[in-house]
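K.L.:
Residue numbers (the numbering used here): 53 to 448.
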């Protein structure tokens with residue numbers, strides 16, 4: 053199957069999903085971004101500066117680690133793509149570096165962002181500090197309480213963190229407030245969306261920036277195993293940016309099985325879930341036509357997950373399309389399954405994964421994997437931010 057099948061079309065659609073459903077006041081901003089992002093990203097000066105910062109500031113390439121004891125436990129071969137070892141501790145900085153450089157070339161002096169787990173907020177604050185740009189981060193009060201350490205980091209880096217008290221006080225509500233800010237400040241401000249959601253061109257822009265994960269993986273696997281293609285790639289999905297990044301170079305490699313893992317929270321039928329692929333229907337959310345968790349009247353319902361980065365009621369339109377055409381398999385893991393998978397990773401590999409990444413690890417126990425298979429799990433972030441939850445929920 054040709055890569056063209058998976059590319060966004062000129063109107064910003066992946067199949068029937070995507071587009072740009074925006075207020076009239078944002079139209080000039082979105083149009084400027086749509087008209088210029090590819091030109092800027094292909095400019096040699098932009099590419100050189102991005103490459104240098106990725107190498108010297110972020111610490112890329114991120115290691116590809118053979119998890120020998122997890123491999124022994126599951127009787128197969130498991131590699132971890134260590135995005136948790138990036139500067140700021142997650143894959144999010146791949147996107148923020150790229151978008152801040154883009155904002156500079158659009159002559160935007162003020163950056164706004166939303167964050168759930170705080171990793172995107174910390175990454176945005178970090179790059180804004182590096183570049184001397186004003187930074188405002190919106191964050192739900194619920195998330196601020198469970199990710200207090202990341203709030204402190206953002207503030208130390210000079211960002212203004214604005215608590216959001218509406219709705220469920222989580223990522224969806226923070227995104228709403230960030231969009232309202234952008235509507236009020238369209239001329240001076242660039243909005244760095246942290247995932248592959250939002251109006252076109254954001255899903256394509258963020259996917260391209262996160263594609264560095266799969267670019268590196270192909271080279272690293274070939275060096276380690278003699279083959280660039282693994283049998284399986286597993287990643288967690290909320291909005292879906294880390295999954296889009298590690299799937300990017302493999303979408304047309306039909307022999308590679310791609311598996312995305314959602315957060316089922318307290319169970320798919322509990323009413324406390326963030327599994328959009330299982331419980332969502334087509335609708336509009338934050339400027340994009342995609343799958344959305346909603347009630348019979350079309351009102352967005354509150355998601356739930358123990359993981360602040362996965363409790364989003366929608367999903368990137370590219371993932372909705374990939375599900376429809378059967379290119380990516382979507383599984384789900386509960387809070388408890390994620391916690392148990394995290395503990396296994398801690399005890400067998402000496403790695404404390406982010407709760408988000410633990411959902412991907414949980415799928416290893418559900419998959420049918422042959423002894424000779426090579427499976428790569430994208431370890432999207434580190435678990436320092438989740439220590440309070442781990443201490444409360446895991447027995448010593």
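Even glycine gets a Cβ: it sits at the ideal position worked out from N, Cα and C.
1) Quick check: the Cα distance between residue 54 and residue 393, rounded to an integer number of angstroms?
2) Would residue 265 and residue 255 qualify as a contact pair, given that the criterion is a beta-carbon distance under 7 angstroms?
3) Using the C-alpha atoms, what's the distance from residue 282 back to residue 131?
4) Can you grab the Cα-Cα spacing for the pair residue 445 / residue 161, in whole Å?
5) Could you give the residue range of the alpha helix (DSSP H) that holds residue 167?
6) Buried or exposed for residue 271, please, with buried defined as at least 16 other CB atoms from any protein chain shown within 10 angstroms of its CB.
7) Quick one: what's got a C-beta closer than 7 angstroms to residue 59's C-beta in the same chain, skipping five residues either side?
8) By alpha-carbon positions, which one of 242, 294, 306, 371 ends up nearest to residue 330?
9) Exposed or buried, residue 423, counting other C-beta atoms within 10 Å across all chains shown (16 or more means buried)?
10) Which stretch, first to last residue, makes up the beta strand (DSSP E) that contains residue 191?
11) Is it true that the CB of residue 289 sits closer than 7 angstroms to the CB of residue 306?
12) Starting from the C-beta of residue 144, find all residues in its chain whose C-beta is less than 7 angstroms away, skip the five residues before and the five after it, and write them out in chain order.
13) Nearest by alpha-carbon distance to residue 117: which of 135, 391, 109, 338 is it?
14) Please identify the residue among 112, 243, 222 whose C-alpha is closest to the C-alpha of residue 231.
15) When you compare each of 204, 337, 98 to residue 261 by their alpha carbons, which one comes out closest?
16) CA-CA distance, residue 332 and residue 387?
17) Using DSSP bridges, identify the partner residues of residue 104.
18) Between which residues of its own chain and residue 123 is the CB-CB distance below 7 angstroms, once the five residues before and five after are set aside?
19) On a CA-only basis, which of 301, 234, 150, 418 is nearest residue 338? Give me that one, please.
20) Under the three-state reduction of DSSP, which class applies to residue 326: helix, strand or coil?
21) Can you tell me whether DSSP reads residue 129 as helix, strand or coil?
22) Confirm, please, whether the CB-CB distance from residue 251 to residue 340 is below 7 angstroms.
23) With a threshold of 16 other CB atoms inside 10 Å of the CB of residue 218, please say whether the residue is buried or exposed.
24) For the alpha helix (DSSP H) containing residue 229, name the first residue and the last one.
25) Out of 349, 225, 311, 188, which one is the CA nearest neighbour of residue 418?
26) Pull the bridge partners of residue 242 from the DSSP assignment, please.
27) Along the chain, which unbroken stretches of the alpha helix (DSSP H) at least 4 residues long are found entirely within the stretch 348–409?
28) Under 8 angstroms Cβ to Cβ from residue 309, same chain only, skipping five residues before and after it: list those, please.
29) Per the contact definition of three or more C-beta pairs closer than 8 angstroms, is the stretch 85–93 in contact with the stretch 109–116?
30) Among the candidates 395, 276, 273, 269, whose CA atom is the shortest distance from the CA of residue 298?
31) Between which two residues does the beta strand (DSSP E) harbouring residue 316 extend?
P.N.:
Per the coordinate set shown:
1) Per-residue confidence for residue 54 stands at a pLDDT of 40, beneath the threshold of 50, marking its modelled position as unreliable; the derived number appears in the next sentence. Between residue 54 and residue 393, the C-alpha separation is close to 36 angstroms.
2) no
3) 10 angstroms
4) 42 angstroms
5) Here residue 167 belongs to no alpha helix (DSSP H); instead the beta strand (DSSP E) covers 162–167.
6) exposed
7) none
8) 371
9) exposed
10) 186–192
11) no
12) 171, 172, 175, 246
13) 135
14) 243
15) 98
16) 19 angstroms
17) DSSP lists no partner for residue 104.
18) 129, 130
19) 234
20) coil
21) strand
22) yes
23) exposed
24) 223–236
25) 311
26) 163
27) 369–376, 387–401
28) 283, 284, 285, 381
29) no
30) 269
31) 309–317
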